[in-house]
Structure formats: structure tokens, C-alpha cells
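Just below is one structure, and these are the notes that go with it.
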Ligand code: CP
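In my numbering, the protein residues as written are 106 to 397.
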């Protein structure tokens with residue numbers, strides 16, 4: 106069908122193929138999909154995912170329908186399913202971001218056009234993970250044997266959930282560090298200061314205050330000192346190691362303000378790669394039905 110809702114649905118070969126197509130677009134590959142119409146249904150705020158999808162659609166030549174819930178019949182009680190089914194009568198693919206985990210479960214298999222997950226609650230963020238993988242491959246030329254330390258709000262992070270699964274599948278060693286309140290029971294957690302000099306990649310996660318049911322029991326200063334990338338920790342990183350963050354960044358909390366654009370940071374490169382990954386995902390879905 107061409108939907109992409111969870112990277113678990115793709116084989117390693119399919120993932121590598123998407124990265125390769127993204128590289129082709131980055132190198133100047135041009136296509137004309139002006140006969141295709143895409144709808145972007147965003148039920149949560151977004152800058153990177155929403156506008157990099159719009160940029161990708163525009164660069165592919167697609168026509169785009171934008172959506173505003175407050176101007177739609179959802180305000181009269183229409184369900185997500187009926188809204189998406191309605192859009193599927195008009196367009197060739199639908200991008201959806203929603204605050205509900207697995208919002209796509211009753212859509213995929215019933216909606217007659219590809220559904221692309223732009224992030225579901227604390228569940229998954231497949232296109233973010235693909236752009237993270239592209240950034241890592243550009244840097245190191247491989248995945249097998251690389252060590253990554255993911256630090257921060259693991260329990261609420263759809264980015265972490267998708268990355269942990271796919272990075273382990275690709276042969277990377279994934280280490281996690283988080284305050285006890287933001288850990289997940291089934292995972293082992295390591296000490297940030299013990300691991301920082303061992304890893305190739307340090308990935309910071311945004312503290313998702315909007316998803317916290319209970320107040321995080323430490324001050325912002327304390328969080329930065331214990332779990333933030335401070336200048337002191339930065340100096341312990343290996344020469345070749347890089348910094349990643351899916352953004353938006355709470356500057357001075359997850360990472361010292363001065364490090365966001367430092368030599369080791371790939372944060373803005375990740376954002377640029379996002380546009381090429383989303384071109385590849387859309388191209389594959391719209392032209393080949395290659396995604397499940
Ligand atoms: N990384 C990411 O998904 O950012 P947005 O919430 O701005 O889309």
C-alpha cells in the first residue's frame with residue numbers, strides 16, 4: 106500500500122534503500138510528481154516534521170492540502186477515522202501527526218491511500234529515525250559496532266522508542282541515561298559521566314514537559330548539571346564523536362547553549378537531512394507502493 110507508520114514494519118534492506126534514495130535527492134535527483142496530491146494532518150504542534158514534509162512535497166512537485174482541526178468538522182464530533190477516510194477520497198497520501206500512541210492502528214488496512222506517521226504520542230517517529238540514521242551514515246559510513254548514548258526523557262520519547270529498536274537491529278550498541286522518573290522499566294540505564302568518553306554519538310532528548318503527568322522532581326539547573334551536555338562533559342567526548350538532538354532544543358537544559366552549534370553538533374544537519382528523507386519516503390510511497 107505504501108504506508109509508513111512504524112520502522113519495525115520495514116526490513117533493513119528497505120531502510121537502507123530509503124537512505125539511498127534520500128542521498129540521491131540530496132545529490133540533485135529531480136522528479137515530477139505534479140499529478141499527486143498530499144494532505145498534511147497535524148494534530149500536534151510541529152516545525153521540523155510539518156514544514157520539512159511541506160518542503161519535500163513542494164520539491165517533488167506535489168500539490169498539498171493543509172488541514173486545521175479547528176476549521177474542520179472534527180469540531181462537530183467527526184472522528185479521526187472518518188476525517189482521514191474523507192481526505193483519502195481527495196488525495197494520494199496522508200501525513201498524520203497525533204498525540205495518541207498508535208493512532209494509525211485502525212487506519213492502515215482500511216484507508217485506501219498511504220498513511221505516513223509524522224509522530225504518534227510517545228509511540229514512534231519513523232521519519233525522524235530515518236533522518237537520524239542518514240546523519241549517522243554520512244558521518245561514519247556504517248552502523249555496525251557504533252556506540253550511541255541516548256540521554257534524557259526516554260519514557261516520553263517517540264524518537265527514542267523508534268531509534269532504540271532500529272539502531273539495535275542495525276548492529277549499534279545503544280546505551281540509555283535518564284533521571285529515574287523518565288526511565289523505562291524494561292531497559293537498563295547507565296551513568297552519563299561513565300559513558301560519555303566511550304561513545305561515538307551522544308543524542309540528547311528534549312524534556313517533554315507537556316507530557317509529564319507529575320512534575321519532574323528536580324530543578325532545571327539540577328537537570329542540566331546531572332543529565333545535560335555541559336561544557337565539562339563535552340570536553341570528555343572522543344575527538345570523532347558527534348552530538349545529535351531531534352529538536353526543538355531546550356537550550357541550557359538538555360545541552361549548553363554554546364554547544365548547540367558547536368563543531369561536533371549535527372543538530373541542524375539532522376533537520377536538513379529530514380527534508381531529503383521525507384522526499385524519499387513520499388517518492389517511494391507515491392510511485393512504487395514500496396512501503397508496507
Ligand atoms: N523533531 C521533531 O519532530 O520536531 P517537530 O516537533 O518540530 O516536528
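Note that beta-carbon positions come from the ideal geometry of N, C-alpha and C, so glycine has one too.
Quiz item: Using the beta-carbon count (16 or more within 10 Å), is residue 171 buried or exposed?
Solution: Along the chain shown, read from residue 1 onward, the residue named residue 171 stands at position 66. When all chains shown are included, residue 171 counts as exposed.
Quiz item: Within the present structure, is the beta-carbon of residue 262 separated from the nearest heavy atom of the ligand CP by less than 7 Å?
Solution: The residue you call residue 262 lines up with position 157 of the chain shown. No - the ligand CP has no heavy atom lying nearer than 7 Å to the Cβ of residue 262.
Quiz prompt | Cβ pair residue 124, residue 387 closer than 8 Å | solution = On the chain shown, residue 124 is found 19 positions in, with the first residue counted as 1. On the chain shown, residue 387 is found 282 positions in, with the first residue counted as 1. It is not a contact, given that the beta carbons lie outside the stated cut-off.
Practice problem: Could you check which residue in 382, 393 and 392 has the C-alpha nearest to that of residue 159? | Solution: Along the chain shown, one-based indexing puts residue 159 at 54. Among 382, 393 and 392, the Cα nearest to that of residue 159 is on 382.
Quiz item: Which same chain residues, not among the five before or five after residue 190, have their C-beta less than 7 Å away from its C-beta?
Solution: Here residue 190 refers to the residue found at position 85 of the chain shown. Once the five neighbours on either side are set aside, the close Cβ partners of residue 190 are 216.
Quiz prompt | Inside the stretch 229–306 only - alpha helix (DSSP H) runs reaching at least 4 residues | solution = 231–245, 263–274 and 297–300
Quiz item: Which residues share a DSSP beta bridge with residue 225?
Solution: Position 120 of the chain shown, counting from 1, holds the residue named residue 225. Its beta-bridge partners are 203 and 229.
Quiz item: With burial defined as no fewer than 16 other Cβ atoms inside 10 Å of the residue's Cβ, what is the status of residue 396: buried or exposed?
Solution: The residue labelled residue 396 in the question sits at position 291 within the chain shown. Its pLDDT being 43, under 50, residue 396 is placed unreliably in this model, and the value from its coordinates should be taken loosely. By the 10 Å Cβ count, residue 396 comes out buried.
Quiz prompt | Buried or exposed by the 16-neighbour rule on C-beta atoms within 10 Å, applied to residue 316 | solution = Reading the chain shown from its first residue, position 211 is the one you call residue 316. So residue 316 counts as exposed.
Quiz prompt | Continuous alpha helix (DSSP H) stretch holding residue 168: start and end | solution = The residue given as residue 168 occupies position 63 in the chain shown. Premise fails: residue 168 lies in the beta strand (DSSP E), 168–171, not in any alpha helix (DSSP H).
Quiz item: If we count Cβ pairs, one from each stretch, closer than 8 Å, do we get three or more for the stretch 291–299 versus the stretch 318–329?
Solution: no
Quiz item: So, helix, strand or coil for residue 143, using DSSP?
Solution: Counting from 1 along the chain shown, the entry for residue 143 is found at position 38. In this structure, residue 143 counts as strand in the three-state DSSP scheme.
Exercise. Determine the burial state of residue 147: buried for a count of at least 16 other Cβ atoms within 10 Å of its Cβ, exposed for fewer.
Key: For the purposes of this step, residue 147 is taken as residue 42 along the chain shown, with counting starting at 1. The residue is buried, with at least 16 neighbouring Cβ atoms inside 10 Å.
Quiz item: Should the stretch 323–336 be regarded as contacting the stretch 351–362, the criterion being three or more beta carbon pairs within less than 8 Å?
Solution: yes
Quiz item: Around the Cβ of residue 117, are there at least 16 other Cβ atoms within 10 angstroms (buried) or fewer (exposed)?
Solution: As a first step, residue 117 is located in the chain shown; it is residue number 12 there, counting from the start. Residue 117 comes out exposed.
Exercise. Determine the extent of the alpha helix (DSSP H) in which residue 131 is found, giving its start and end residues.
Key: Locating residue 131 in the chain shown gives position 26, counting from the first residue. That run of the alpha helix (DSSP H) goes 117–131.
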